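Numbering (the numbering used here), first residue to last: 1 to 475. Think of the CB as a built atom: it goes at the ideal place given N, C-alpha and C, for glycine as much as any other residue. Note that the coordinates shown come from a computational prediction; the quantities given were computed from them, not determined experimentally. Report on one structure; see the data block that follows.
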RNA sequence: GGCCCGUUGGUGAAAUGGUUAACACGUUGCCCUCUCAAGGCAAUAUUCAUGGGUUCGAAACCCAUACGGGUCACCA
């Protein structure tokens, strides 16, 4: 069997939507499951949409996710260049071959004529297809118009009768009537190829064996197959992926939560968790497990188990998986994804490393992504705490004032401020006040934190520091 | 509008003709616990968009209808 080679071929827009990332993941998984190669190819054939730094952005995202390409703009291989704008002469050469074979033709139709045709089709409520106006121009006419410097595009000569069929791994047999296939533009008037052309040329030249892409290409694929056939090339295996939608079944957008990988990353989501979650969008493993490392995904991934129906991007489930990964983090890893958010929100200049470590670690299983550390730790950084009615009611119970006074003394008496001594102070307060259980802890917790819930009380008190604790007990 | 694809619980989703329709998220309850989170346990679809048909038997096969999405660019 030939070597399996897949590719991720984004256009450099400077933005990586989770749906795009998912395509990259699936392409990577198919390659690696078969010990194959995964390549990155930049499809920058639209000159009007160039974005500065977009290639680095894509490369960074893939690297962060562990989806390092074997070949690509930053990973030279034997099939380069891997940026389409650097391959222009190749496309021109193959377009010429097509013309010689009668499988493509020059078209001089201008915008104006095309627009008119489109409007007419619109009025008649029939789908617009280019009418082949320039298909049968004589060699002489073409030569003179070319010599006159007229603008032209090159169109693919599509068969008009019969049907085209192909087999897709996830959607099965796809049949499209040939009369519905447009003589699509292969080479634009600016000399750049369209996606429709470059994609086929490159996939063949780069020996891509499996084409993995969104299902918006499902119906266009027969056109690409005709290109392969014209050249006598072997066609790749097609794996079209279901769309990724938001919870309302509509196209994914900002209002469905962070739909861009970098937004998630910036919020302190873990790339491996995101990859894990995205791998489950439209695919289910044979087992009932859902938590997988990249290595496990490589091992278990089977494109035959990809769904046809659209996948729904569900932030709740992402949060669950991310929280699951967060619990297993080492302290240093945890610091790495939380501290930047703390620094951003609070003044940490008077806190030492141990203090921050302790703070972050007691909240490790309270948060599902890094940025959540900010809200949850607010009580350590604000000067005033305000009590709600429930807290006030609790404090108004008999014996509470006595308990607080006793506890305050015990806190005052602590010489060496550590968790063990704080624990000891609580125990002494318990003995001296006669309060226990909830009536012991809760009044202290409320006085000190202003809340009826939170992590272990001694840890919390330790982190607040002796002065603040005494201050709050005095109020 | 033409063409293509889809439709299983609050959500994702398994099961590709044969006992009580997996599993997970969420939700609710219980346990643990000062509390919250985590963790453990339990509950949560007389039913697979609707209507016909095929079959001894259908969520699964066929046909129609409805709804949702995709596609019809010198964008990818």
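* Roughly how many whole angstroms lie between the Cα atoms of residue 193 and residue 296? -> 39 Å
* Cα-Cα separation between residue 61 and residue 17, rounded to whole angstroms -> 11 Å
* **According to DSSP, residues forming a beta bridge with residue 117** => Note: residue 117 sits in no beta bridge, so no partner.
* Asked: Which of the three DSSP states, helix, strand or coil, is assigned to residue 134?
  -> coil
* Skipping 5 residues on each side, what residues in its chain have a beta carbon closer than 7 Å to that of residue 464? -> 380, 448
* Which parts of the region 3-44 are runs of the beta strand (DSSP E), unbroken and 3 residues or longer, counting only runs that do not cross its ends? -> 5-8, 37-40
* To do: Could you give the DSSP three-state label for residue 74: helix, strand or coil?
  => coil
* DSSP state of residue 196, grouped into three classes? -> helix
* Close Cβ partners of residue 362 (< 6 Å) along its chain, the five nearest in sequence each way excluded -> 455, 459
* Asked: To the nearest angstrom, how far is it from the Cα of residue 233 to the Cα of residue 224?
  -> Between residue 233 and residue 224, the C-alpha separation is close to 11 Å.
* Using three-state DSSP, classify residue 484 as helix, strand or coil. => The chain is shown only over 1 to 475; residue 484 falls outside these bounds and no answer can be derived.
* Below 8 Å between beta carbons: does that hold for residue 171 and residue 200? -> no
* Would you call the region 100-111 and the region 142-162 in contact, with 3 or more CB pairs under 8 Å? -> yes
* Asked: Which residues bound the beta strand (DSSP E) around residue 175?
  -> 172-177
* Could you check where the alpha helix (DSSP H) with residue 266 kicks off and where it finishes? -> 261-266
* Assuming residue 237 contacts residue 169 (C-beta within less than 8 Å), just tell me the rounded distance between them. => 6 Å
* Roughly how many angstroms lie between the CA atoms of residue 479 and residue 186, to the nearest whole one? -> Outside the shown range of the chain, which is 1 to 475, sits residue 479, and nothing can be said about it.
* **Test item: CB-CB of residue 245 and residue 313 under 8 Å** => Yes; because the gap between Cβ atoms is below 8 Å, this pair is in contact.
* alpha helix (DSSP H) containing residue 333: first to last residue? -> 331-345
* Cβ-based neighbour list, residue 243, same chain, cut-off 6 Å, excluding 5 preceding and 5 following -> 310
* Identity of the residue in 7, 475, 443, 419 nearest residue 462 by Cα -> In terms of CA proximity to residue 462, 419 leads the group 7, 475, 443, 419.
* With a Cβ-Cβ cutoff of 8 Å, do residue 442 and residue 403 count as a contact? -> Taking 8 Å as the Cβ cut-off, residue 442 and residue 403 do not qualify as a contacting pair.
* To do: Flag this pair as yes or no: are the beta carbons of residue 21 and residue 73 separated by less than 8 Å?
  => no
* Asked: Under the rule that 16 or more other beta-carbon atoms within 10 Å means buried, what is residue 268, buried or exposed?
  -> buried
* **Rounded C-alpha distance that separates residue 132 from residue 205** => 29 Å
* Asked: Is it true that the CB of residue 321 sits closer than 8 Å to the CB of residue 370?
  -> no
* To do: Under the assumption that residue 252 contacts residue 213 (Cβ atoms under 8 Å), give the Cβ distance between them as a whole number of angstroms.
  => No, residue 252 and residue 213 are not in contact; Cβ-Cβ is about 17 Å, not under 8 Å.
* Counting only the same chain and skipping the five closest in sequence on each side, list residues whose C-beta sits under 8 Å from that of residue 277. => Apart from sequence neighbours up to five positions away, the residues of its chain that approach residue 277 with a beta-carbon distance below 8 Å are 317, 318, 321, 322, ordered along the chain.
* Asked: Just the Cα atoms here: how many angstroms apart are residue 345 and residue 444?
  -> 27 Å
* Cβ pair residue 6, residue 208 closer than 8 Å -> yes
* For residue 104: DSSP bridge partner residues -> 156
* Have a look at 159, 141, 92, 259 and flag the residue whose alpha-carbon is nearest the alpha-carbon of residue 197. => 92
* Best match in 162, 108, 149 for proximity to residue 138 [C-alpha to C-alpha] -> 108
* From 184, 143, 148, residue whose alpha carbon lies closest to that of residue 159 -> 184
* **residue 399 and residue 272 closer than 8 Å at C-beta** => no
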